[in-house]
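Under UniProt numbering, the first residue of the sequence shown is numbered 1, with each subsequent residue one higher. Don't be surprised by glycine CBs; every beta carbon is placed ideally from N, CA and C.
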Amino acid sequence: MPELNPPPLNLPDFSSVTGEHWIETLQDGSHVLIRPLRAEDREREKAFIQRLSPESRHQRFLGEIVDPGPVLMNQLMNVDTHNRVAYVALAHDNGVLQEVGISRYAASGAEHECECAITVADDWQHRGLGTLLMKHLIAAARKNHFTRMYSIDSASNVHMRKLADDLHFSRERDPDDATQVIHRLSLQD
1 MPELNPPPLN LPDFSSVTGE HWIETLQDGS HVLIRPLRAE DREREKAFIQ RLSPESRHQR
61 FLGEIVDPGP VLMNQLMNVD THNRVAYVAL AHDNGVLQEV GISRYAASGA EHECECAITV
121 ADDWQHRGLG TLLMKHLIAA ARKNHFTRMY SIDSASNVHM RKLADDLHFS RERDPDDATQ
181 VIHRLSLQD
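Written as structure tokens, this is what we have:
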């Protein structure tokens with residue numbers, strides 16, 4: 001017999017969030033808020049990068065970044081609603097709203113093409129968050145009339161390889177660096 005009064009869902013309180021946003025349920029049942037990155041997220045973004053493991057920081061930036069300086073932070077926070085888009089995933093941790101993932105794209109300079117990147121906090125990986133973030137990013141790129149998306153990744157980045165395979169990106173060796181691969185996705189339906 002079905003339960004008449006199921007237990008209430010333990011959803012985080014995102015009541016102060018306005019504008020474009022989504023509350024998503026991950027594979028493990030946890031919930032995150034996904035929304036566009038905002039100027040007031042600067043310190044949260046910096047703290048997120050600092051909390052990443054050295055391996056995750058290396059995979060994201062293809063180099064050693066320990067403490068993101070002002071120049072990098074300015075670049076990461078430079079977003080708009082068309083050519084430079086970023087979606088942040090937020091979750092409550094002991095009453096504090098923390099960044100647990102981010103996806104972003106930037107117009108590459110080639111017509112209708114953008115470069116993308118995604119990062120998920122180490123303890124939030126393998127829950128489907130990367131896929132959700134990337135799907136929102138792909139939808140935004142399509143809405144903004146981009147027809148191609150690509151990502152340059154370390155050849156050893158197994159997480160990105162799996163995500164790229166799941167989302168039907170193609171893969172090729174980077175002709176300029178044998179330690180890297182280029183994932184490409186056609187955004188045309």
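Q: Within 10 angstroms of the Cβ of residue 168, are there 16 or more other Cβ atoms? Answer buried if so, exposed if not.
A: exposed
Q: Kindly provide the ranges of any alpha helix (DSSP H) runs that are 4 or more residues long and lie completely inside the UniProt domain "N-acetyltransferase" (32-188), ordered along the chain.
A: 42-51, 54-61, 70-77, 129-143 and 158-166
Q. With burial defined as no fewer than 16 other Cβ atoms inside 10 Å of the residue's Cβ, what is the status of residue 91: buried or exposed?
A. Counting Cβ neighbours within 10 Å, residue 91 comes out buried, since at least 16 surround it.
Q: Using the Cα positions of residue 173 and residue 94, report the straight-line distance between them to the nearest angstrom.
A: 43 Å
Q | For residue 127 and residue 27, believed in contact at Cβ under 8 Å, the rounded distance | A | 5 Å
Q.
Let's see if you can read the secondary structure: which residues bound the beta strand (DSSP E) around residue 20?
A. For residue 20, there is no enclosing beta strand (DSSP E), since its DSSP letter is neither H nor E.
Q: Indicate whether the contact test is met: 3 or more Cβ pairs, each with one atom in the region 97-108 and one in the region 133-140, closer than 8 Å.
A: yes
Q. Do the CB positions of residue 88 and residue 37 come within less than 7 Å of each other?
A. yes
Q | For residue 139 and residue 166, the rounded distance between their alpha carbons | A | 16 Å
Q) Are there 16 or more other CB atoms within 10 angstroms of the CB of residue 74, so buried, or fewer, so exposed? A) exposed
Q: Report all residues from its chain with a CB closer than 8 Å to the CB of residue 41; omit the five preceding and five following residues, and keep chain order.
A: 77, 88 and 99
(Q) Is the beta carbon of residue 187 closer than 7 Å to that of residue 160? (A) In this structure, the beta-carbon distance from residue 160 to residue 187 does not fall below 7 Å.
Q. Hey, how far is the Cα of residue 267 from the Cα of residue 182?
A. For the chain, the structure presents residues 1 to 189; residue 267 sits outside this window and is missing.
Q.
Can you find the residues in the same chain that come closer than 6 Å, C-beta to C-beta, to residue 25, ignoring five residues on each side of it along the sequence?
A. 31
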